[in-house]
Amino acid sequence: MLDPAHGGVDLGARGTEGIHESEVVLQFALQAKQALEAQGFQVILTRQGNDNPSFDDRSARANAQRGAIFITLHIASTGLVGTVRTYVMTDFSPGSEATGLIPWDRAQAPFLGLSHKLGDLVQAEMAKRFRGSPPAAETAPVRQLRTTAAPAIAVEISSVVVQSRDDLDHMIPGVADAIAHGAAAFRPSYVVPGLPGGNPGAPL
Amino acid sequence: MNSRWQFWMGAALFVVVMGAALYFPSLRRQVYKAKDITEKTAAEARRELLPPAPVNSGDPKVKAKMFWGSREEDGTLAPVTVELPLSKDPVLRAKQILNTLLAGPVDPEARTLPSDAALLEFYILPDGTGIADFSEGLATGTPSGIQSEQLAVDSMTRTLQANVPQVQQLKILIHGQEVDTLAGHLDLTQTFQVSMKEAATPAPTGVSVITAPIQKAIEKVTGAAKK
Numbered sequence: 156m157l158d159p160a161h162g163g164v165d166l167g168a169r170g171t172e173g174i175h176e177s178e179v180v181l182q183f184a185l186q187a188k189q190a191l192e193a194q195g196f197q198v199i200l201t202r203q204g205n206d207n208p209s210f211d212d213r214s215a216r217a218n219a220q221r222g223a224i225f226i227t228l229h230i231a232s233t234g235l236v237g238t239v240r241t242y243v244m245t246d247f248s249p250g251s252e253a254t255g256l257i258p259w260d261r262a263q264a265p266f267l268g269l270s271h272k273l274g275d276l277v278q279a280e281m282a283k284r285f286r287g288s289p290p291a292a293e294t295a296p297v298r299q300l301r302t303t304a305a306p307a308i309a310v311e312i313s314s315v316v317v318q319s320r321d322d323l324d325h326m327i328p329g330v331a332d333a334i335a336h337g338a339a340a341f342r343p344s345y346v347v348p349g350l351p352g353g354n355p356g357a358p359l
Numbered sequence: 015m016n017s018r019w020q021f022w023m024g025a026a027l028f029v030v031v032m033g034a035a036l037y038f039p040s041l042r043r044q045v046y047k048a049k050d051i052t053e054k055t056a057a058e059a060r061r062e063l064l065p066p067a068p069v070n071s072g073d074p075k076v077k078a079k080m081f082w083g084s085r086e087e088d089g090t091l092a093p094v095t096v097e098l099p100l101s102k103d104p105v106l107r108a109k110q111i112l113n114t115l116l117a118g119p120v121d122p123e124a125r126t127l128p129s130d131a132a133l134l135e136f137y138i139l140p141d142g143t144g145i146a147d148f149s150e151g152l153a154t155g156t157p158s159g160i161q162s163e164q165l166a167v168d169s170m171t172r173t174l175q176a177n178v179p180q181v182q183q184l185k186i187l188i189h190g191q192e193v194d195t196l197a198g199h200l201d202l203t204q205t206f207q208v209s210m211k212e213a214a215t216p217a218p219t220g221v222s223v224i225t226a227p228i229q230k231a232i233e234k235v236t237g238a239a240k241k
């Protein structure tokens, strides 16, 4: 599941030359979709146009897919231009309810280990392509990740404050390629509960 | 309709159109300028209405460690030591510390919190949870992005950890309300861990000179407290 963040009236970060995060991330997502499909993944986007599903709606779409991974794409307002950072949800307690069900607002907790692995693999690919990017994923309490019951990461590209929109457009193929290679490297280790032997053909 | 009348009507219309073309850009500039002034005044007025941070000039001056943005490493915080008169009461002390953080460092590029944000209230629950209630300026003025939002929150948690050990975790409210995110990314429905972060913090390299904005903030709140 690829999630171009923001959309609709929520423009996200706003930068030079009228650059809006919500519009740019859609371009990144479309290219990443193609790169992932070339690796044999099935890809669903949380939005394809200028609409703005809620955090919960986006998570719900991912949670309805068995064996999915979730990647939310963002453009930062700050940071060293031309770098990329991958984030994994900060550790938190899974909690529990009398029914044994996982609370919605803690849906990510059981997947944190897998999310870290996915994040590190994707970020390692980013670091190869974008000088100055950290070598491994970082942690942050990203709202979108918390309610997602799947290995989930946030990829943030720096930044909307560029000399020209071309500076961001030039990053699109590299980011897409890094996501596809990271996801492909992650696939063999993704064992979906209840499916012994893993699920190498997991839809994304 | 005779041709003479048509000529004068046309000429008048031309003059009106030309006048409007010349006047409208100027009018638009004036409207934008007036809007800026109004917004600035509203922010200033809100700040003026806030109860002064309870700084007492009689409080002993101590070396407080503040965490602002690092100029050397992108996306990280750097400790700066400043001398501040700080209360021994943890709630008052936390207010003084957060107001100093909001006042900002001497280098505006190292600022982690927006200049028009204001701390409305702060209190500590028996379990060590510090509740910080900020004006809308914190949400609207923090640059949107995971990195920038995390830097803003980390600057608060690490500064509180270094100076107010009674605060174990931090809950951030915006104008008394719990909100989903700070500026579109960072989850504000949960609390942020305050303790355990200091271990990873490098020791400060030296004592910085108290910066002008901080000094100004101290003078302002000290003056208000004396009144």
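Chains as they are written, first to last, in the working numbering: chain A, 156 to 359; chain B, 15 to 241. All residues carry an ideal CB built from backbone N, CA and C; glycine is no exception.
Counting contacts by CB-CB distance shorter than 9 Å, is residue i in contact with chain B?
{"i": "MET156(A)", "result": "no"}
{"i": "VAL277(A)", "result": "no"}
{"i": "HIS229(A)", "result": "yes"}
{"i": "GLY167(A)", "result": "yes"}
{"i": "TYR242(A)", "result": "yes"}
{"i": "GLY237(A)", "result": "no"}
{"i": "ASP260(A)", "result": "yes"}
{"i": "PHE210(A)", "result": "yes"}
{"i": "SER314(A)", "result": "yes"}
{"i": "GLU176(A)", "result": "yes"}
{"i": "ALA307(A)", "result": "no"}
{"i": "ALA295(A)", "result": "yes"}
{"i": "GLY287(A)", "result": "yes"}
{"i": "PHE183(A)", "result": "no"}
{"i": "PHE266(A)", "result": "no"}
{"i": "PHE225(A)", "result": "no"}
{"i": "PHE196(A)", "result": "no"}
Within 10 angstroms of its Cβ, does residue i collect 16 or more other Cβ (buried), or is it exposed?
{"i": "PRO306(A)", "result": "buried"}
{"i": "ALA291(A)", "result": "exposed"}
{"i": "PRO122(B)", "result": "exposed"}
{"i": "TYR37(B)", "result": "exposed"}
{"i": "ALA357(A)", "result": "Here the model assigns ALA357(A) a pLDDT of 47, short of 50, so the residue's position is not dependable, and the following value carries that caveat. Buried: at least 16 other Cβ atoms inside 10 Å."}
{"i": "LYS75(B)", "result": "exposed"}
{"i": "VAL181(B)", "result": "buried"}
{"i": "VAL29(B)", "result": "exposed"}
{"i": "LEU139(B)", "result": "exposed"}
{"i": "VAL96(B)", "result": "buried"}
{"i": "VAL164(A)", "result": "exposed"}
{"i": "GLY118(B)", "result": "buried"}
{"i": "HIS325(A)", "result": "exposed"}
{"i": "PRO296(A)", "result": "buried"}
{"i": "ARG202(A)", "result": "buried"}
{"i": "PRO263(A)", "result": "Residue identity check: residue 263(A) is Gln in the sequence provided, not Pro. Classification of GLN263(A): buried, given that the 10 Å Cβ count is 16 or more."}
{"i": "TYR345(A)", "result": "buried"}
{"i": "GLY72(B)", "result": "exposed"}
Any beta carbon of chain A sitting closer than 9 Å to that of residue i?
{"i": "GLN182(B)", "result": "no"}
{"i": "LEU27(B)", "result": "no"}
{"i": "PHE81(B)", "result": "no"}
{"i": "THR171(B)", "result": "no"}
{"i": "ARG18(B)", "result": "no"}
{"i": "GLY198(B)", "result": "yes"}
{"i": "THR203(B)", "result": "yes"}
{"i": "GLY151(B)", "result": "no"}
{"i": "LEU165(B)", "result": "yes"}
{"i": "PHE136(B)", "result": "no"}
{"i": "ASP121(B)", "result": "no"}
{"i": "PHE206(B)", "result": "yes"}
{"i": "GLY72(B)", "result": "no"}
Output, in chain order, the set of chain B residues within a Cβ distance shorter than 7 Å of residue i.
{"i": "SER232(A)", "result": "PRO157, SER158, GLY159, SER162"}
{"i": "ALA301(A)", "result": "Contrary to the premise, residue 301(A) reads as Arg rather than Ala in this sequence. Within chain B, the residues near ARG301(A) are ASP201."}
{"i": "ALA304(A)", "result": "The premise fails here: ALA304(A) is roughly 16 Å from chain B at the closest Cβ pair, so nothing lies under 7 Å."}
Rounded to the nearest angstrom, how far is the Cβ of residue i from that of residue j, given a contact under 8 Å?
{"i": "ARG298(A)", "j": "ASP194(B)", "result": "6 Å"}
{"i": "ALA124(B)", "j": "GLY83(B)", "result": "4 Å"}
{"i": "HIS161(A)", "j": "GLY170(A)", "result": "That pair is no contact at about 13 Å."}
Name the one or two DSSP bridge partners that residue i has.
{"i": "HIS175(A)", "result": "ARG169(A)"}
{"i": "THR294(A)", "result": "VAL243(A)"}
{"i": "ALA146(B)", "result": "PHE136(B), ILE186(B)"}
{"i": "MET80(B)", "result": "VAL94(B)"}
{"i": "GLU311(A)", "result": "HIS229(A), ARG240(A)"}
{"i": "THR195(B)", "result": "ASP201(B)"}
{"i": "GLY159(B)", "result": "None; GLY159(B) has no bridge partner."}
{"i": "SER196(A)", "result": "Note on residue identity: the sequence assigns Phe, not Ser, to residue 196(A). DSSP output for PHE196(A) lists no bridge partner at all."}
{"i": "LYS75(B)", "result": "PRO99(B)"}
{"i": "PRO159(A)", "result": "LEU228(A)"}
Could you list which residues in chain B have their beta carbon closer than 9 Å to that of residue i, in chain order?
{"i": "SER311(A)", "result": "Looking at the sequence itself, residue 311(A) is Glu, so the reference to Ser does not match. Chain B residues near GLU311(A): GLY159, ILE160, GLN161, HIS199."}
{"i": "HIS161(A)", "result": "SER158, GLY198"}
Using the beta-carbon of each residue, which ones in chain A are nearer than 7 Å to residue i?
{"i": "THR195(B)", "result": "ARG298"}
{"i": "ASP88(B)", "result": "GLY234, LEU235"}
For chain E, find out if any of its Cβ atoms is closer than 9 Å to the Cβ of residue i; answer yes or no.
{"i": "PHE21(B)", "result": "Going by chain labels, chain E is absent from the structure shown, which instead holds the protein chains A and B."}
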